[in-house]
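J.: Sequences listed follow chains A and B, in order.
Heads up: the first sequence begins at 911 in this note's numbering, then just goes up one per residue.
Heads up: the second sequence begins at 911 in this note's numbering, then just goes up one per residue.
2 protein chains.
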Amino acid sequence: MDARQLKHFIAVAETLHFGRAAEQLGMTQPPLSQSIMALERELGAPLFARTRRTVALTPFGRQWLAHVRGVVDGMNALPGIARRLRDGTIGRLELSFVSTADYNILPALVRRFTTTFPDVELALTEATSDVQLAALLAGKGHVGLVIPPPNGALPEGLSYLPLVTEPLVAAVPESWIAEGRLALSAGRLAAETVVGAPLILFPRQSAPAFHDLVTGYYARHGGQARIAQEAIQMQTIISLVSAGMGIALVPASLRNLARSGVAYVELGGVAPILETGLTWRTDDTTATITRFVDIAKKENGEAGRPTSPLHTSLEERS
Amino acid sequence: MDARQLKHFIAVAETLHFGRAAEQLGMTQPPLSQSIMALERELGAPLFARTRRTVALTPFGRQWLAHVRGVVDGMNALPGIARRLRDGTIGRLELSFVSTADYNILPALVRRFTTTFPDVELALTEATSDVQLAALLAGKGHVGLVIPPPNGALPEGLSYLPLVTEPLVAAVPESWIAEGRLALSAGRLAAETVVGAPLILFPRQSAPAFHDLVTGYYARHGGQARIAQEAIQMQTIISLVSAGMGIALVPASLRNLARSGVAYVELGGVAPILETGLTWRTDDTTATITRFVDIAKKENGEAGRPTSPLHTSLEERS
DNA sequence: TCTATTGATATGCCAAACATATCACCAATG
DNA sequence: CATTGGTGATATGTTTGGCATATCAATAGA
């Protein structure tokens, strides 16, 4: 039961002529006859009904042929599959991302990748940066959209590509502005005003980089954050703002999350800059990762200003 | 790109140890190393990441492995498929049948066959006997339930197995009995009464054997059939009887086709006997045919009286 | 009757798949 | 730090089986 024998069988079944089948196979007729005979002996039943002058498939041979064809076709496809796996044009890529990326770089990136490599299965998982980094270090997943750690140093073994930098803005209850509780000057919110308002924030453990970015702003402007409420989901935080529980400092791209009763206002003073980038195991040679990083680099280069992908993402979501 | 190489690859991928994989393959380690190296050279990418002490699949190797497994499994399945094709436990069987068999032997036969050989695809086609015989002689289809030709001689090259014999009965409008237009004696219809009534019948060309059976009855009882209407479908004939257009001589098993306004009455005199049997190409060695004929023989032996399968068929149809 | 064509048989050759022997390297262990 | 056991790679010899050449037997067609 050899692949060679199966190909011999298919050739004879297609030509119904041992001589021409042998020629097609690049061999001579006698060993082909022997190969078929050996196959028939092994199967215990004749595949061909031979007269002295003609060859015909037996009903058994005809039915078996269909199955053999499937296997041989699959076998012939293996080198091509290997090549495409090597090139990264087929396969599977597991991408994790922080929730803020969902309003930012993610949709355009995913769209670009899936149109460029439609046969790569892209598995998306939302997770916080620290969870993503731990998973990658444990060998799970392939690439992650993360907010890099506070000290700026990623764990050993991970590569990193910055993708988007954007300022934080304040998400405030619209009523607080209308009622004059928050004073705007030149369309901005003065730093002292921000520091004085109750704050809604991620718990530090879930998103240390983001947390430190916010508290750093407070420290720079001489104040201690008065935390009214903690919440994990961005949507939840905005809901709490909408309910008038406080203000929140959020990435500018969150403007894409329009919600009635919430206004996004630029911060006075030195607005914190949030960076989002792509990370992956340096030693992971999966071709689809290289392809994805290439796409991300190109996206980054073309997008230019950090606001550009935001609009793109809005279009994506419509 | 050889099946042998693929099996080598799978063995090493499963054990992650060249020595044990070689042992499992019944060979020594050096040629196995060479085989894998040749495969990697052919694919242009390493399948395994080797340190001096350990072997691990590369991401590329892991993804390709899944595809290779599918092909090799399919290949390993081929002998088993061949064996079952040879035994007739898998495959395809094309069965044609006359419409009267649908009320008779067919349902029980099909049920028995499909439960005994659930993996044989059974294709059913309704056709008249002459069409079936012509198709079989032309190499189309496998087995047919037919009413044997009038002279009793089937074409050369076809085998035949009698399955059911049953008398014809008269299908008459119930009103004709109630009104006394047809007189019963001892629950039977006198032959003279039958001969005098208008007849609904198959056209001879569609079912010569059946046609001759009916006209033979008329000839034996000294009369000429007065044909009120011809029809091809049994259901149509019974509908015409129901409409009071005449009487019809039909197989006793047609009692299974109960229709309001129609009564089935035994014939006086020598009631014609209708035979239905199975036919197939004598030289067709398809194993499923043998299996089907075996089932039919057993069905025939166990069923005994011709009425038995009728009740079975009624149960089937409920 | 003769010829051409077909698949089967007989026999010799050689590549390639395998085995044996050995090496180079490294981790574990005292 | 030296030693030992275990790993995959390398080198080389051996044999099997897949193939080619030569030929045969049988038959359809002229």
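Built from N, CA and C at the ideal position, the CB exists for glycine as well.
#1: Does the beta carbon of tryptophan 974 of chain B sit closer than 8 Å to a beta carbon anywhere in chain A?
#2: Starting from alanine 923 of chain B, trace the alpha helix (DSSP H) in both directions and tell me its first and last residue.
#3: Rounded to whole angstroms, what's the CA-CA distance from threonine 1125 of chain B to threonine 1025 of chain B? Just pull it up for me.
#4: Could you give the distance in angstroms between the alpha-carbon of alanine 1011 of chain B and the alpha-carbon of leucine 1055 of chain B?
#5: Check the Cβ-Cβ distances between isoleucine 946 of chain B and every residue of chain A, and say whether any is below 8 Å.
#6: Rounding to the nearest angstrom, what Cα-Cα distance links leucine 1016 of chain A and phenylalanine 1007 of chain A in this structure?
#7: Could you name the residues that DSSP lists as bridge partners for alanine 1158 of chain B?
#8: Would you mind sorting threonine 961 of chain A into buried or exposed? The rule is 16 or more other CB atoms within 10 Å of its CB.
#9: Quick one: does leucine 1068 of chain B have its CB under 8 Å from some CB of chain A?
#10: In the DSSP assignment, find the unbroken beta strand (DSSP E) run with tyrosine 1174 of chain B in it and report its ends.
#11: Looking at threonine 1038 of chain A: is its Cβ nearer than 8 Å to the Cβ of glutamate 1185 of chain A?
#12: Classify glycine 1001 of chain A: buried if its beta carbon has 16 or more other beta carbons within 10 angstroms, exposed otherwise.
#13: DSSP on serine 1116 of chain A, reduced to helix/strand/coil?
#14: Output yes if chain A places a C-beta closer than 8 Å to the C-beta of alanine 978 of chain B; else output no.
#15: Cβ atoms of isoleucine 1110 of chain A and methionine 1155 of chain A: under 8 Å apart, would you say?
#16: What do you reckon, are the CB atoms on leucine 957 of chain A and threonine 968 of chain A nearer than 8 Å?
#17: Please return the same chain residues whose Cβ sits closer than 7 Å to the Cβ of threonine 1192 of chain B, not counting the five positions on each side in sequence.
#18: Between the alpha carbons of glycine 990 of chain B and leucine 1078 of chain B, how many angstroms are there, rounded?
#19: Among A:His927, A:Met937, A:Val1203 and A:Leu916, which has the Cα closest to the Cα of glutamate 952 of chain A?
#20: Quick one: any contact between the stretch 937-955 of chain B and the stretch 1166-1177 of chain A, if contact means 3 or more CB pairs under 8 Å?
#21: Within 10 angstroms of the Cβ of asparagine 1061 of chain B, are there 16 or more other Cβ atoms? Answer buried if so, exposed if not.
#22: Spell out whether any CB of chain A is found under 8 Å from the CB atom of leucine 1078 of chain B.
#23: Pick out whichever of A:Thr964, A:Arg1022 and A:Glu1004 has its Cα sitting closest to the Cα of alanine 1033 of chain A.
#24: Take the Cβ of glutamate 924 of chain A as the centre, count every other Cβ of all protein chains shown within 10 Å, and call the residue buried at 16 or more, exposed below.
#25: How many Å lie between valine 1041 of chain A and glycine 1187 of chain A at the Cα?
#26: Taking 8 Å as the cut-off, does the stretch 1093-1112 of chain A touch the stretch 977-984 of chain A (at least 3 CB pairs, one atom from each stretch)?
#27: Cα separation between serine 1152 of chain A and alanine 1088 of chain A?
#28: What are the residues of the stretch 1183-1204 of chain A that lie near chain B, defined by any Cβ-Cβ distance shorter than 9 Å?
#29: Any beta carbon of chain B sitting closer than 8 Å to that of arginine 960 of chain A?
#30: Can you name the residues of chain B whose CB is closer than 9 Å to the CB of threonine 999 of chain A?
#31: If you measure from the beta carbon of arginine 875 of chain A to each beta carbon in chain B, is any gap under 8 Å?
#32: When the Cα atoms are used, what is the spatial distance from glutamate 1031 of chain A to isoleucine 1199 of chain A?
T.: In terms of the structure at hand:
#1: yes
#2: 913-925
#3: 40 Å
#4: 7 Å
#5: no
#6: 8 Å
#7: B:Ala1081
#8: exposed
#9: no
#10: 1172-1177
#11: no
#12: buried
#13: coil
#14: With the sequence shown as reference, residue 978 of chain B is identified as valine, and alanine is not the correct amino acid for it. For valine 978 of chain B, the answer is yes, since a Cβ of chain A falls inside 8 Å of its Cβ.
#15: yes
#16: yes
#17: Gly1067, Leu1068 and Ser1069
#18: 48 Å
#19: A:Leu916
#20: no
#21: exposed
#22: no
#23: A:Glu1004
#24: exposed
#25: 15 Å
#26: no
#27: 14 Å
#28: Asp1194, Thr1195, Thr1196, Ala1197, Thr1198 and Ile1199
#29: no
#30: Here the premise fails: no neighbours, minimum Cβ distance about 12 Å.
#31: One cannot answer for residue 875 of chain A here, as it falls past the ends of chain A, which runs 911 to 1228.
#32: 12 Å
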